[in-house]
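Asker:
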Amino acid sequence: MSTPAPAPVPAPVPASEEAEREVVELCAELIRFDTSNPTSDERACADRVVELLAAAGLDSELVESAPGRANVVARIPGADPARGALLVHGHLDVVPADPAEWRVPPFSGEIRDGYLWGRGAIDMKDTVAVMLATARHFARTGTRPAREIVLAFLADEEAGGRFGAHWLVEHRPDLFAGVTEAIGEGGGFSYALDDSRRLYPIENAQRGMAWMELTADGRAGHGSSPNDENAVTDLAETLTRIGRHTFPVRLIEPVRALLAETARLQVVDLDLDAEDLDAELAKLGHVADFMQVVLRNSANPTMFTAGYQTNVIPGRATARVDGRFLPGHEQELLDTIDALLLPSVSRRWVNHDIAMETSFDGPLVEAMCAAVRAEDPDGHPVPYCNPGGTDAKAFTKLGIRCFGFKGLKLPHDLDYGRLFHGVDERVPLEGLRFGVRVMTRLWQDC
């Protein structure tokens, strides 16, 4: 599937200098709220979101799913009330950060060398700040979006959304009445194609989540004695088999389309049905490395717990495995894992969530592509499969068509992927301003 042809550039009311200045201030303020999940909660940050919306004349509703686990939802009326609403969602929680590992305090919101530093700078208080700055700009100027916009500032995404998106979908679906499409994290950032051009992967698919706990049951005994039913040994062997396993390549449509478009832009003759696919993908240079994570299913051991004394062989050992599966390939993952388990090892779900995929077409896709091209003429929007998962998985259960799109232009020398959940997370100031300009265009043309 090729990307949509360039649409005529719209002539919207542009983002104001005030909005571009404010987005940096808002992002810094949001970072200073320690919303680490699981050690903190989102309530103080959510209260501030309510205040910022109210100051611009926008009503919102704060919903707690549990004490401190706060979500905020607001609506901006659209120019065409007959059209389905667009949900724009972002999460307020972040993963924890160890200050000893960082060059700056992770919750300082410090500005240095053209970047705003801090936990959440790219995941995803940058996008939350863009949402707020754009909403406040529309309210100040009286600008109407093309369709109704539903803003959702969510809790608990980093732990699976049990207190956030999934809870709201189950207990407060009325908050999303009339919504037909959604955009959230997971795409719309730039990726250097070459020295002057950039890809903008727009997420229209996600791998599913299959987080498992493995348990080995064996025979407890003295650490000095032979034991052919050692739970630790059996579990370690199972984990090694899983961790060393390479799943086969499965080219789903969004991945195939991204690779084909990249080959076209690079003027490369690419055979995606070749027997030696690795050799073909090597023709794309560093883009092939970017795509490796969405070519196949994956399963990585991440945690191991066993024993309580060096001279005691425990009767049980447990471990966690992070499994991910491409749309349409869940059963292949599960069958493979089960085949790799030793007889003494069983598995149970820790977090099991769907894969998702939608076609890369329609007015919203055209509007996202047009907004990027208008602000970055050397930018090339392409379909994309997110290797992880987002709150979009919850919203698909309401029949909402979901995409990942944040509108973030990055310097070519910034390794964006490694900053997610990493040390020294930071976002370029110009990238935040770019996001406001893109989002302002999109809301008026979506």
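Quick note, in the numbering used here, the sequence shown goes up one by one and the last residue is 1775. Here a beta-carbon is modelled for each residue, glycine too, at the ideal position from N, C-alpha and C. Source: prediction; values computed, not measured.
Please report the straight-line C-alpha distance between asparagine 1640 and glycine 1552, rounded to a whole angstrom.
Answerer: Looking up residue 1640 in the sequence shown gives position 311. Looking up residue 1552 in the sequence shown gives position 223. Roughly 4 Å separates the two Cα atoms.
Asker: Cα separation between asparagine 1533 and serine 1673?
Answerer: Locating residue 1533 in the sequence shown gives position 204, counting from the first residue. Locating residue 1673 in the sequence shown gives position 344, counting from the first residue. In a straight line, the C-alpha of asparagine 1533 is about 40 Å away from that of serine 1673.
Asker: If distances are taken between C-alpha atoms only, which option among Arg1625, Leu1391 and Arg1676 comes closest to glycine 1493?
Answerer: As a working mapping, residue 1493 is identified with position 164 in the sequence shown. Comparing Cα-Cα distances from glycine 1493 to each of Arg1625, Leu1391 and Arg1676, the minimum goes to Leu1391.
Asker: Please report the residue range of the alpha helix (DSSP H) in which glutamate 1390 lies.
Answerer: Start at 1 with the first residue of the sequence shown, and residue 1390 comes out as number 61. Per DSSP, glutamate 1390 belongs to no alpha helix (DSSP H); it is in the beta strand (DSSP E), 1389-1395.
Asker: Run through DSSP, which three-state label would tyrosine 1745 get?
Answerer: By one-based count along the sequence shown, residue 1745 stands at place 416. Three-state DSSP puts tyrosine 1745 in a helix.
Asker: When DSSP labels each residue in this structure, what does isoleucine 1642 get in the three-state scheme?
Answerer: As a position in the sequence shown, residue 1642 is number 313, starting the count at 1. Note: isoleucine 1642 maps to strand in three-state DSSP.
Asker: Identify whether histidine 1551 lies in helix, strand or coil by the three-state DSSP scheme.
Answerer: Taking the first residue of the sequence shown as position 1, residue 1551 is located at position 222. Three-state DSSP puts histidine 1551 in a strand.
Asker: Looking at the structure shown, is arginine 1469 part of a helix, part of a strand, or coil, going by DSSP?
Answerer: Here residue 1469 is taken as the residue at index 140 of the sequence shown, counted from 1. In this structure, arginine 1469 counts as helix in the three-state DSSP scheme.
Asker: Threonine 1591: buried (16+ other C-beta within 10 angstroms of its C-beta) or exposed?
Answerer: To locate residue 1591, count along the sequence shown from 1; it is residue 262. Its Cβ being crowded by 16 or more others within 10 Å, threonine 1591 is buried.
Asker: Under 8 Å between the Cβ atoms of arginine 1527 and histidine 1709?
Answerer: For this step, residue 1527 is matched to residue 198 along the sequence shown. For this step, residue 1709 is matched to residue 380 along the sequence shown. Yes. Within cutoff.
Asker: Do you know offhand how far leucine 1662's Cα is from valine 1623's?
Answerer: As a working mapping, residue 1662 is identified with position 333 in the sequence shown. As a working mapping, residue 1623 is identified with position 294 in the sequence shown. Cα-Cα distance, rounded: 14 Å.
Asker: Quick check: what's the CA-CA separation for glycine 1547 versus glycine 1657?
Answerer: For the purposes of this step, residue 1547 is identified with residue 218 of the sequence shown, where counting begins at 1. For the purposes of this step, residue 1657 is identified with residue 328 of the sequence shown, where counting begins at 1. Rounded to the nearest angstrom, the two C-alpha atoms are 36 Å apart.
Asker: Measuring straight from C-alpha to C-alpha, what distance separates glycine 1490 and asparagine 1556?
Answerer: The residue labelled residue 1490 in the question sits at position 161 within the sequence shown. The residue labelled residue 1556 in the question sits at position 227 within the sequence shown. Taking the straight line joining both Cα atoms gives about 42 Å.
Asker: Could you spell out the range, first to last residue, of the alpha helix (DSSP H) harbouring glycine 1708?
Answerer: Residue mapping note: residue 1708 aligns to position 379 of the sequence shown, counting from 1. Glycine 1708 -> not in any alpha helix (DSSP H); beta strand (DSSP E) instead, spanning 1708-1715.
Asker: I'd like the ranges of any alpha helix (DSSP H) spanning at least 4 consecutive residues and lying wholly in the region 1344-1395.
Answerer: 1346-1360 and 1372-1384, all fully within the region 1344-1395.
Asker: Inspect the CB distances between the region 1575-1595 and the region 1614-1621 and report whether three or more fall short of 8 Å.
Answerer: Yes, since at least three Cβ pairs between the region 1575-1595 and the region 1614-1621 fall closer than 8 Å, the two stretches touch.
Asker: Which parts of the region 1576-1647 are runs of the alpha helix (DSSP H), unbroken and 4 residues or longer, counting only runs that do not cross its ends?
Answerer: Taking only runs of at least 4 residues, the alpha helix (DSSP H) segments lying wholly in the region 1576-1647 are 1582-1595, 1606-1610 and 1615-1620.
Asker: Counting Cβ pairs closer than 8 Å, one from the region 1506-1525 and one from the region 1726-1733, do we hit at least three?
Answerer: Short answer: they touch.
Asker: Ordered along the chain, which non-local residues of its own chain (more than five positions away) have a Cβ less than 6 Å from that of cysteine 1374?
Answerer: Here residue 1374 refers to the residue found at position 45 when the sequence shown is read from its first residue. Answer for cysteine 1374: Phe1362, Thr1364 and Leu1421, listed in chain order.
Asker: If you run the structure through DSSP and keep just helix, strand and coil, what is aspartate 1452?
Answerer: Locating residue 1452 in the sequence shown gives position 123, where the first residue counts as 1. Of the three classes helix, strand and coil, the one that applies to aspartate 1452 here is coil, per DSSP.
Asker: Enumerate in chain order the residues of its own chain whose CB-to-CB distance from proline 1716 is below 6 Å, with the five nearest sequence positions on each side excluded.
Answerer: Position 387 of the sequence shown, counted from the start, is the residue given in the question as residue 1716. Same-chain partners within the cutoff: Arg1536, Val1622 and Val1623.
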